[in-house]
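**Q** Per the UniProt record's numbering, numbering of the sequence shown is gapless, rising by one per residue and ending at 182.
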Amino acid sequence: SPPEEEEEEEEPEEEEEEDEEDEEGPEQVPPVPPQEGEGPPQEEPQFDEATQALIDAAQRARDDLAAAERELKEAEDGIRALETELGMDFGPEGEFSYLYNQCWELSTSEYLYRLCPFQRVTQRPKNGGAETSLGLWGSWAGPEGDKFGAQKYEGGTGCWQGPARATTVSDTCDTCVTSSPV
Numbered sequence: 001s002p003p004e005e006e007e008e009e010e011e012p013e014e015e016e017e018e019d020e021e022d023e024e025g026p027e028q029v030p031p032v033p034p035q036e037g038e039g040p041p042q043e044e045p046q047f048d049e050a051t052q053a054l055i056d057a058a059q060r061a062r063d064d065l066a067a068a069e070r071e072l073k074e075a076e077d078g079i080r081a082l083e084t085e086l087g088m089d090f091g092p093e094g095e096f097s098y099l100y101n102q103c104w105e106l107s108t109s110e111y112l113y114r115l116c117p118f119q120r121v122t123q124r125p126k127n128g129g130a131e132t133s134l135g136l137w138g139s140w141a142g143p144e145g146d147k148f149g150a151q152k153y154e155g156g157t158g159c160w161q162g163p164a165r166a167t168t169v170s171d172t173c174d175t176c177v178t179s180s181p182v
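1. Residues in the same chain with beta-carbon distance under 8 Å from residue 156, minus the five sequence neighbours each way, listed in chain order, please.
2. Considering only residues of the same chain and omitting the five flanking positions on each side of residue 140, which have a CB-CB separation below 6 Å?
3. Please report the distance separating the alpha-carbon of residue 173 from that of residue 150.
4. Starting from the C-beta of residue 113, find all residues in its chain whose C-beta is less than 6 Å away, skip the five residues before and the five after it, and write them out in chain order.
5. With burial defined as no fewer than 16 other Cβ atoms inside 10 Å of the residue's Cβ, what is the status of residue 117: buried or exposed?
6. Between which residues of its own chain and residue 69 is the CB-CB distance below 6 Å, once the five residues before and five after are set aside?
7. Residue 125: which of 160, 60, 109 and 115 sits nearest, CA to CA?
8. Quick check: the Cα distance between residue 54 and residue 43, rounded to an integer number of angstroms?
9. What is the DSSP secondary structure of residue 100, reduced to helix, strand or coil?
10. Using C-beta distances below 6 Å, list every residue in its chain close to residue 154, excluding the 5 sequence neighbours before and after it, in chain order.
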């Protein structure tokens, strides 16, 4: 029965092939394509002139739209700022309006105080450190009969285990300014 012998011979060959696969390890996995930003830069696909012209026109339109949106936002911000200013109470005849959008500083031995009328009051340590808000514009706070004699700034940085800081600024009219604008 020689055919049986041939079959027996073939079986060991198959086993040898399986052994060889085990020795080589698992099948080789194809390499993972590089992620965006890795590897050499990819060239832009080439298009015919008409298609490229459309792509360029679309990009110009996107750029123009972005510029128009920026301009619109700036205009809207300007309108809001003007509406805020128009809504401010600068005194019976607007006599305090010149103070708007100006700031003054006062230096003491430890701190530099900054007052921006109708906006905010801050304090900064002279030896370095963060600025602390002493309040944002709240309202006129003078006594009855002299409403415009003081300004109230509220909602500043909270004190440790305490309330938010607030500042009252007394207004005195004279012929000279005792602090220079910054």
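Glycine included, C-beta positions come from ideal geometry on N, C-alpha and C.
Everything numeric in this text was worked out from a predicted model, so none of it was measured.
**A** This is what the structure holds:
1. 121, 132, 133, 134, 135, 136, 164, 165, 166 and 167
2. 147 and 148
3. 11 Å
4. 106 and 123
5. buried
6. none
7. 109
8. 19 Å
9. coil
10. 135, 138 and 166
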